[in-house]
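Here's the structure, in structure tokens; my notes come after.
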Amino acid sequence: MAFLPTGRLEFPDHSPTVERPYNCKLCDKSYTRISSLNKHVLTHTVDKPYQCTECGRCFADRTNLSRHVSSIHTRDKPYAYHKCGKRHSRNFELKSHKSRHAGEDRSKCDSCGAEFSSEDSLTVHKCRKTK
Numbered sequence: 001m002a003f004l005p006t007g008r009l010e011f012p013d014h015s016p017t018v019e020r021p022y023n024c025k026l027c028d029k030s031y032t033r034i035s036s037l038n039k040h041v042l043t044h045t046v047d048k049p050y051q052c053t054e055c056g057r058c059f060a061d062r063t064n065l066s067r068h069v070s071s072i073h074t075r076d077k078p079y080a081y082h083k084c085g086k087r088h089s090r091n092f093e094l095k096s097h098k099s100r101h102a103g104e105d106r107s108k109c110d111s112c113g114a115e116f117s118s119e120d121s122l123t124v125h126k127c128r129k130t131k
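Here's what the structure looks like:
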């Protein structure tokens, strides 16, 4: 994880060091492939033809609808926190949940000794210190 100059948090698979020549003209996002930009631009459109049959929420892209249904409306929650048993549909939700367990499994900075409730927070701290 790292912070972009805009202050937005990026995860390793979205590394800010990778060249991203395709920029959205409607927001600050950029992409490595034109196909990814084209898919993203759909999120800015009013036309969202893919509707969830469970809750009525609409999506511009079928993939986003499928992701929504599997994470919100199904019981498929493969990511479990071993300390409390809470289960999540997506890995980032599990990471977020872990960080709420303040005081448990504190992550410590080797340089200054600061402690954080999650590895993600420690990584952000290290990124800020190296700037």
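Note that the UniProt record's numbering has the sequence shown beginning at 1, numbered continuously upward. We put the beta carbon where it would ideally sit given N, CA and C, even for glycine. These numbers were taken from a predicted model, which means no experiment stands behind them.
ask   = How would you label residue 83, buried or exposed, when you count the other beta carbons within 10 angstroms and need 16 or more for buried?
value = Classification of residue 83: exposed, given that the 10 Å Cβ count is below 16.
message = Rounded to the nearest angstrom, what separates residue 8 and residue 29 at their Cα positions?
response = Any reading at residue 8 needs caution, since the residue's pLDDT is 45, under 50, leaving its predicted position unreliable; the model's value is listed next. So the alpha carbons of these two residues sit roughly 10 Å apart.
request  = Please confirm if the region 69-81 is in contact with the region 93-100, defined as three or more CB-CB distances below 8 Å between the two stretches.
outcome  = Segments in contact, yes.
inquiry  = The alpha helix (DSSP H) that contains residue 62, what's its start and end?
reply    = That run of the alpha helix (DSSP H) goes 62-68.
ask   = Short check: CB of residue 65 to CB of residue 52, under 8 Å?
value = For the 8 Å CB-CB criterion, residue 65 and residue 52 form a contact.
ask   = Looking only at C-alpha atoms, which of 91, 75 and 48 sits nearest to residue 61?
value = Residue 48 is the option with its Cα nearest to residue 61.
task = Check whether the Cβ atoms of residue 122 and residue 107 lie closer than 8 Å to each other.
result = In this structure, residue 122 lies near residue 107, with their beta-carbon atoms less than 8 Å apart.
query = Between 75, 23, 91 and 126, which lies nearest to residue 163 when the distance is taken from Cα to Cα?
reply = Residue 163 cannot be examined here, being either before or after the span of the chain that is shown, 1 to 131.
ask   = Could you check where the alpha helix (DSSP H) with residue 34 kicks off and where it finishes?
value = 34-41 is the span of the alpha helix (DSSP H), which, as asked, contains residue 34.
ask   = Per DSSP, which one or two residues make a beta bridge with residue 80?
value = In the DSSP output, where bridge partners are listed per residue, residue 80 has 87.
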